[in-house]
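Working notes for the structure below.
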Amino acid sequence: MAELEQLGFDNLTGVDTSPEMIRRALSLHPTLRFTTPAEFSPSPASFDAALLFAVRHLHLRRVQDERRGDLPPPLPRSASRSSLDRRPSQG
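In structure tokens form, the structure reads like this:
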């Protein structure tokens, strides 16, 4: 959002389900607006676009699993990234 603000967009609102993430966002970007979905109730004509950024917290989960001793074994070195890629081949 900070990059959008630098480009001249001035009516920006960040929405997150986590109050902790909202506090963090406000501490990093105090000039921007952030809210939870429950507090966000714009009229349909009040915005031109909605952007969705989904971040999976796999790293954090892995760290938590490591601390509990619940970590699954790593993939064998023979498992290349391409063997995990499920996209159809081009050609």
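Using my numbering, read the sequence shown as starting at 1 and increasing by one per residue. Every residue, glycine too, gets a C-beta built ideally from N, C-alpha and C.
Rounded to a whole number of angstroms, what is the C-alpha to C-alpha distance between GLU5 and GLY69? One-based indexing of the sequence shown puts residue 5 at position 5. One-based indexing of the sequence shown puts residue 69 at position 69. Cα-Cα distance, rounded: 43 Å.
Applying the 10 Å Cβ sphere with the 16-neighbour rule, what's the burial state of LEU84? For this step, residue 84 is matched to residue 84 along the sequence shown. Low confidence applies here, because LEU84 scores a pLDDT of 49, under 50, leaving its location unreliable and the question unanswered by this model.
Hey, how far is the Cα of PRO44 from the Cα of ALA2? Translated into the one-based positions of the sequence shown, residue 44 becomes position 44. Translated into the one-based positions of the sequence shown, residue 2 becomes position 2. In this structure, the alpha-carbon of PRO44 lies about 24 Å from that of ALA2.
Between the Cα of GLY14 and those of GLY8, GLU20, ARG33, PHE53, spot the shortest distance and give me the residue it belongs to. The count along the sequence shown starts at 1 and reaches residue 14 at position 14. The shortest C-alpha separation from GLY14 is found at ARG33.
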